[in-house]
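Worksheet for the structure shown next.
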Amino acid sequence: MERTPTDTPEHPVFYAGRFSEEISGAGLPGDHTVLSDWDVLPAQLASALEPASILVVLDIFSFPFESLTGDLVDVPLILLLPTGYDADFLVTVFGKAAFSRLGFFDRVAAADDDLWDEVRRRYDFAQGQLVEVEDGRPEYAAVEISAALEAESVLYAPSREGDYEANRYWSERGDALAGNAPHRAICSVNHGPKFNKAIHRVQEKVLNPQIAAARGIQAEEVPFDVLEIGAGVGRWAASFDPAKTRFTGVDISEGMVEAARKNFPQCRFDLLGEDSVLPYGDESFDLSFSVTVMHHNPTPTKRALISEMWRVTRPGGRLMFLEDFVSGGWFTTSTVYPMSVNEFVGLLFEATAGQVVLEHVESIRYQHDDFTRGGLLSVSKLGVAGTW
Amino acid sequence: MPENEFYTPTDMDRLRMENELLAFEVRFLKARSGGQPEITGSPISLSRMTHLEEAETDLKLLLRRIQNSPLGPVARTNKSFQTLNERYLKQPDTALTMAPAQRTVYLEGAERDLVLLLRRLGSGPLGLYFRRRKSFRTLQERYL
Amino acid sequence: MSDQLIIAGFHRSGTSATARLLHRAGLFLGYELLEALPSNPYGHFEDREIVNLHTRILADNDRTWAVDEPLLPVVGQQRWRLMQRIIDRRNSEHRLWGFKDPRACLFMMLWKHLLPGAKVLIVYRHFSGSTYSLGQRHSSDMFLGKGSEHVHRRFWEEPDFALKMWLVHNNALLAFARTFPQDTMTVSLDMIRDGFPLVWALNRRWNLDLEDVPIAEAFDQSISMRRIRRQPVSDRALIGKVRKTWRTLERLSGETEMLLGKEAPVA
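Read top to bottom, the protein sequences are chains S, F and H. Numbering-wise (numbering that gives the first Met the number 0), the first sequence opens with residue 0 and increments by one. Numbering-wise (numbering that gives the first Met the number 0), the second sequence opens with residue 0 and increments by one. Numbering-wise (numbering that gives the first Met the number 0), the third sequence opens with residue 0 and increments by one.
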């Protein structure tokens with residue numbers, strides 16, 4: 000669906016349910032909307048959520064989660080865990096309807112650390128998906144959540160000394176956002192959380208089947224070694240089954256690496272040096288991939304990164320690139336080096352000496368943008384294994 | 000229908016990039032489906048067209064060789080051979096002036112005629128004679 | 000244990016004559032060597048099975064043999080199995096075997112994947128010679144109504160088509176040479192015409208045990224066209240790339256001469 004800019008900017012929407020009187024009287028700061036249980040009847044839900052940048056569900060008992068379908072799933076959620084209930088009960092009642100539909104861009108607000116730990120463990124949530132609140136009662140939690148969202152929404156202004164220089168820009172940006180809003184470091188810092196979740200969902204729909212295809216050629220009991228270049232806060236680690244995968248991510252930003260380690264302590268995250276040399280041995284991974292990283296870097300860096308990815312991937316393993324292959328880069332603050340798919344294939348040839356075959360190509364269309372097109376390219380590495 | 004369903008690409012580079020991406024994806028999909036664009040109305044692929052053109056050329060070559068061989072006089076009395084001669088050797092330029100759709104039909108006919116001819120020659124009383132010839136076996140391998 | 004020697008070079012670069020020479024020297028090149036048919040005019044010494052395989056992979060990827068941009072191929076399981084069958088039969092029946100097919104330039108890494116020990120002889124020619132020869136051949140074939148009109152047309156309708164083909168094929172060969180320098184020997188057509196002892200060099204380098212055959216038996220030196228022409232080009236951005244590729248090829252053949260020069264028998 001084509002979205003045209005509206006006059007009303009997006010803002011947090013709070014679903015107060017049975018507590019709408021208390022929430023309305025709580026004096027929440029900033030722009031917001033408060034919805035009662037009448038406002039979320041199926042016929043009204045879509046229009047009620049139209050201005051939502053985030054939906055904060057303060058009363059999970061009365062919210063119609065099953066009505067969140069279609070475009071409404073793009074709205075990031077924050078679910079407040081009610082006090083006085085244990086994890087078993089909440090999981091039994093809300094597991095299927097609510098918790099299992101939460102993705103990396105959705106969060107949980109909880110006053111009880113133990114409750115959070117239990118829910119987090121059961122659903123493999125990242126630590127960064129927690130919104131800490133002191134008081135779990137809806138009217139007090141709402142104020143705390145609102146303040147936290149306000150703090151996160153401060154615009155990030157990159158230092159513009161000189162021209163865009165990829166390594167410096169992305170490490171500065173990552174470090175700046177890592178402290179209070181690491182989620183915003185993903186996708187686009189100039190757009191709201193809904194934009195970023197929507198982009199992620201489009202990418203996920205294309206990437207997950209290819210990850211499964213790459214995994215599929217391997218025996219079940221053999222761990223799947225995966226490497227992501229430009230892993231950020233680790234959003235893609237959530238797409239892999241931790242029981243069967245050894246996930247490693249590298250990033251140029253120290254802040255992002257730290258945030259990723261907190262999010263996924265069972266995974267490995269390393270800092271990537273400016274020389275683009277990956278700190279891993281040859282043929283260490285079954286799958287190496289990057290998501291919207293290459294198109295932010297100049298050609299020599301692209302070539303170096305691809306070459307390194309090839310080096311550390313096992314023969315028969317996959318290299319995957321989910322990048323923009325139709326883009327502009329025409330405005331002065333652009334961080335994009337436009338490259339067409341043919342140019343990228345040429346680069347892939349140079350960097351791998353042609354020792355790859357094509358496994359999958361898929362173009363990606365983003366709803367918000369007429370011109371930008373992404374694409375997923377998946378190749379297999381040729382060659383005989385050098386190490387056992 | 001959404002209000003803003005049209006857009007005009009103003010940047011030629013982006014148009015080129017979009018064309019490249021879509022062409023790349025279509026080629027991959029064809030390769031994955033076995034390269035068989037059997038859907039009615041879909042344009043014939045370049046590789047298929049090349050194959051058909053080569054079949055026509057090889058058919059003409061085969062007919063000429065038969066004509067110029069010791070079997071020529073006998074072949075010329077055969078009605079089927081006369082038909083093929085008429086269609087492919089006596090009017091060589093007609094095909095070049097045909098409209099694309101017509102030309103495709105003509106070339107597909109040439110491929111079928113070549114296959115029939117190879118089968119008949121390979122299995123008839125003179126089958127042994129033909130199958131001894133390397134070029135005949137090459138054609139058999141390619142088209143049968 | 001079998002050895003394999005692949006003769007790899009762009010179209011019209013002297014690979015046929017090289018194949019003729021090595022064939023006489025005892026290199027098995029295939030069970031059914033094609034003759035030149037109108038649909039495969041450069042078919043000398045090309046093995047039918049190998050050409051069919053390459054043609055099928057190209058067709059799978061919606062290409063003909065006339066490839067002018069880097070090809071990242073889809074290779075289905077059937078094609079891999081066919082390659083393996085081809086290899087197994089030859090390995091079981093021949094101590095030393097190989098093949099010649101310019102299409103192989105685009106698939107060197109596939110063959111190396113299945114034949115880690117294969118050796119490759121790269122034969123190259125100046126781009127102006129190859130492109131001129133291609134253009135000449137396709138114009139006469141188009142005029143005579145031979146072969147595929149579609150392919151002929153490309154040489155005239157698409158600017159720099161033959162030059163881009165030369166670039167893509169030779170860059171693929173250079174990528175192979177860069178990756179497997181110990182398994183590659185690079186020679187130019189001119190070198191062989193000038194009497195470079197190719198068979199001796201191959202035997203010296205890789206112990207192939209080929210019979211020494213005089214060059215004159217394979218190369219008609221009286222009709223050799225050595226003149227380098229000026230290369231027409233529309234997109235001047237190609238010039239730097241072509242020059243770089245040419246220089247690298249020359250450097251590699253220079254290394255071949257140096258490596259074997261001192262010990263080479265006098266022609």
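All C-beta atoms, glycine included, are put in the ideal place defined by N, C-alpha and C.
(message) Taking the alpha carbon of residue 139 of chain H as the reference point, which residue from H/125, H/128, H/18 and H/154 has its own alpha carbon closest?
(response) On the third sequence, position 140 is the one that residue 139 of chain H refers to. Out of H/125, H/128, H/18 and H/154, H/154 has the C-alpha closest to the C-alpha of residue 139 of chain H.
(request) For residue 58 of chain H, decide whether its Cβ has a neighbour in chain S, counting only Cβ atoms nearer than 8 Å. (result) One-based indexing of the third sequence puts residue 58 of chain H at position 59. Residue 58 of chain H is outside the set of residues whose beta carbon lies under 8 Å from a beta carbon in chain S.
(message) For residue 109 of chain S, tell me which candidate among S/128, S/61 and S/123 has the shortest Cα-Cα distance.
(response) In the first sequence, the residue the question calls residue 109 of chain S occupies position 110. Taking only the C-alpha atoms, the option nearest residue 109 of chain S is S/128.
(request) Find the residues of chain H that neighbour residue 383 of chain S, judging by a C-beta separation of less than 8 Å, and give them in chain order. (result) The sequence position of residue 383 of chain S within the first sequence is 384, counting from 1. Within chain H, the residues near residue 383 of chain S are 112 and 115.
(request) Check whether the Cβ atoms of residue 46 of chain H and residue 98 of chain H lie closer than 8 Å to each other. (result) The residue you call residue 46 of chain H lines up with position 47 of the third sequence. The residue you call residue 98 of chain H lines up with position 99 of the third sequence. Cβ atoms of residue 46 of chain H and residue 98 of chain H: closer than 8 Å.
(message) Under 8 Å, Cβ to Cβ, is there at least one residue of chain F near residue 148 of chain H?
(response) Residue mapping note: residue 148 of chain H aligns to position 149 of the third sequence, counting from 1. Closer than 8 Å: yes.
(message) Between which two residues does the beta strand (DSSP E) holding residue 182 of chain S run?
(response) Here residue 182 of chain S refers to the residue found at position 183 when the first sequence is read from its first residue. Counting along the chain, residue 182 of chain S falls outside any beta strand (DSSP E), and DSSP gives it neither H nor E.
(request) Tell whether a beta-carbon distance below 8 Å holds between residue 120 of chain H and residue 6 of chain H. (result) Translated into the one-based positions of the third sequence, residue 120 of chain H becomes position 121. Translated into the one-based positions of the third sequence, residue 6 of chain H becomes position 7. Yes, these two residues count as a Cβ contact at 8 Å.
(request) Rank H/210, H/213, H/231 and H/104 by C-alpha distance to the C-alpha of residue 64 of chain H and give the top, closest one. (result) The residue you call residue 64 of chain H lines up with position 65 of the third sequence. Among H/210, H/213, H/231 and H/104, the Cα nearest to that of residue 64 of chain H belongs to H/104.
(message) With a threshold of 8 Å on Cβ separation, who are the neighbours of residue 75 of chain F within its own chain once the five nearest residues in sequence on each side are excluded?
(response) Start at 1 with the first residue of the second sequence, and residue 75 of chain F comes out as number 76. For residue 75 of chain F, where only same-chain residues beyond five positions count, the Cβ hits under 8 Å are 66, 81 and 84.
(message) The beta strand (DSSP E) that contains residue 27 of chain S, what's its start and end?
(response) As a working mapping, residue 27 of chain S is identified with position 28 in the first sequence. Segment: none, residue 27 of chain S is in no beta strand (DSSP E) and carries neither H nor E.
(request) Look at residue 10 of chain S and residue 50 of chain S and say whether their C-beta atoms are less than 8 Å apart. (result) By one-based count along the first sequence, residue 10 of chain S stands at place 11. By one-based count along the first sequence, residue 50 of chain S stands at place 51. Yes. Within cutoff.
(request) Using a cut-off of 8 Å between C-beta atoms, extract the partners of residue 204 of chain H located in chain F. (result) For the purposes of this step, residue 204 of chain H is taken as residue 205 along the third sequence, with counting starting at 1. Near residue 204 of chain H there are no residues of chain F at all, since even the closest Cβ is about 33 Å away, more than 8 Å.
(request) Output the distance between the C-alpha atoms of residue 204 of chain S and residue 364 of chain S, rounded to the nearest integer angstrom. (result) Within the first sequence, numbered from 1, the residue matching residue 204 of chain S stands at position 205. Within the first sequence, numbered from 1, the residue matching residue 364 of chain S stands at position 365. Near 12 Å, if we compare the C-alpha coordinates of residue 364 of chain S and residue 204 of chain S.
(request) May I ask you to report which of helix, strand or coil DSSP gives residue 228 of chain H? (result) The residue labelled residue 228 of chain H in the question sits at position 229 within the third sequence. If DSSP states are grouped into helix, strand and coil, residue 228 of chain H belongs with coil.
(message) Below 9 Å on C-beta distance, what does residue 324 of chain S contact in chain F?
(response) As a working mapping, residue 324 of chain S is identified with position 325 in the first sequence. The answer, in chain order, is 16, 17, 19, 20 and 23.
(request) Could you tell me the boundaries of the alpha helix (DSSP H) in which residue 150 of chain F lies? (result) Look at the range of chain F in this structure, 0 to 143, and you will see that residue 150 of chain F is not part of it.
(request) Would you identify the three-state DSSP class for residue 71 of chain S, choosing helix, strand or coil? (result) Working through the first sequence from its first residue, we reach residue 71 of chain S at position 72. It is helical.
(message) Between residue 362 of chain S and chain F, is any beta-carbon pair separated by less than 8 Å?
(response) As a first step, residue 362 of chain S is located in the first sequence; it is residue number 363 there, counting from the start. Chain F, which has a Cβ nearer than 8 Å to the Cβ of residue 362 of chain S, makes this yes.
(message) So within the segment 104 to 184 of chain H, which uninterrupted alpha helix (DSSP H) runs reach at least 4 residues, ignoring any that extend past its ends?
(response) Within the segment 104 to 184 of chain H, the complete alpha helix (DSSP H) runs of at least 4 residues are 107 to 113, 126 to 143, 148 to 156 and 160 to 178.
(request) Could you check what DSSP says for residue 3 of chain H in three-state terms: helix, strand or coil? (result) The sequence position of residue 3 of chain H within the third sequence is 4, counting from 1. Correct three-state label for residue 3 of chain H: strand.
(request) Mind reading off the beta-carbon distance from residue 54 of chain F to residue 113 of chain F? Whole number of angstroms is fine, and I expect it under 8 Å. (result) Translated into positions along the second sequence, residue 54 of chain F becomes position 55. Translated into positions along the second sequence, residue 113 of chain F becomes position 114. Yes, they are in contact, since the Cβ atoms of residue 54 of chain F and residue 113 of chain F sit about 5 Å apart, within 8 Å.
(request) Measure the C-alpha to C-alpha separation of residue 21 of chain F and residue 362 of chain S and round it to an integer number of angstroms. (result) One-based indexing of the second sequence puts residue 21 of chain F at position 22. One-based indexing of the first sequence puts residue 362 of chain S at position 363. Each residue's Cα considered, the two are about 7 Å apart.
(request) Kindly indicate if chain F contains any beta-carbon less than 8 Å away from that of residue 167 of chain H. (result) Within the third sequence, the letter at position 168 stands for residue 167 of chain H. It does not; no Cβ of chain F falls within 8 Å.
(request) Taking residue 233 of chain S as the reference, give the member of S/259, S/226, S/244 and S/220 with the closest Cα. (result) Translated into positions along the first sequence, residue 233 of chain S becomes position 234. Considering only alpha carbons, the answer is S/259.
(message) Strictly under 8 Å for the Cβ-Cβ distance: is residue 37 of chain F near chain S by that measure?
(response) Position 38 of the second sequence, counted from the first residue, corresponds to residue 37 of chain F. A caution first: residue 37 of chain F carries a pLDDT of 39, below 50, which makes its placement in the model too unreliable to give a value.
(request) Using DSSP bridges, identify the partner residues of residue 51 of chain S. (result) Numbered from 1 along the first sequence, position 52 holds the residue referred to as residue 51 of chain S. According to DSSP, which records beta bridges pairwise, residue 51 of chain S is partnered with S/10.
(request) Would you give the residue range spanned by the alpha helix (DSSP H) that residue 169 of chain S belongs to? (result) On the first sequence, position 170 is the one that residue 169 of chain S refers to. Here the alpha helix (DSSP H) through residue 169 of chain S covers 165 to 177.
(request) Report yes if the CB atom of residue 294 of chain S is closer than 8 Å to the CB atom of residue 335 of chain S, and no otherwise. (result) Translated into the one-based positions of the first sequence, residue 294 of chain S becomes position 295. Translated into the one-based positions of the first sequence, residue 335 of chain S becomes position 336. For residue 294 of chain S and residue 335 of chain S, yes; Cβs fall inside 8 Å.
(request) Please classify residue 79 of chain S: does DSSP put it in a helix, a strand, or coil? (result) As a first step, residue 79 of chain S is located in the first sequence; it is residue number 80 there, counting from the start. In the structure shown, residue 79 of chain S sits in a strand (DSSP, three-state: E or B).
(message) Do residue 63 of chain F and residue 28 of chain F count as a contact pair if the criterion is CB distance below 8 Å?
(response) Numbered from 1 along the second sequence, position 29 holds the residue referred to as residue 28 of chain F. Numbered from 1 along the second sequence, position 64 holds the residue referred to as residue 63 of chain F. Against a cut-off of 8 Å, the Cβ pair of residue 63 of chain F and residue 28 of chain F comes out as no contact.
(request) Would you be able to state if there are at least three C-beta pairs under 8 Å between the segment 117 to 132 of chain S and the segment 60 to 75 of chain S? (result) no
(request) Indicate the three-state DSSP secondary structure (helix, strand or coil) for residue 96 of chain H in the structure shown. (result) Residue 96 of chain H sits at position 97 when you count from the first residue of the third sequence. In the structure shown, residue 96 of chain H sits in a strand (DSSP, three-state: E or B).
(request) Give the straight-line distance between the Cα atoms of residue 13 of chain F and residue 281 of chain S, rounded to the nearest whole angstrom. (result) The residue you call residue 13 of chain F lines up with position 14 of the second sequence. The residue you call residue 281 of chain S lines up with position 282 of the first sequence. Cα to Cα, the separation comes out at about 37 Å.
(request) Would you kindly work out how many angstroms separate the C-alpha atoms of residue 275 of chain S and residue 374 of chain S, rounded to a whole number? (result) Taking the first sequence and counting its residues from 1, one reaches residue 275 of chain S at position 276. Taking the first sequence and counting its residues from 1, one reaches residue 374 of chain S at position 375. One C-alpha to the other measures close to 23 Å.
(message) So if I threshold CB-CB distances at 8 Å, which residues from the segment 232 to 246 of chain H count as touching chain S?
(response) Hits within the stretch: zero.
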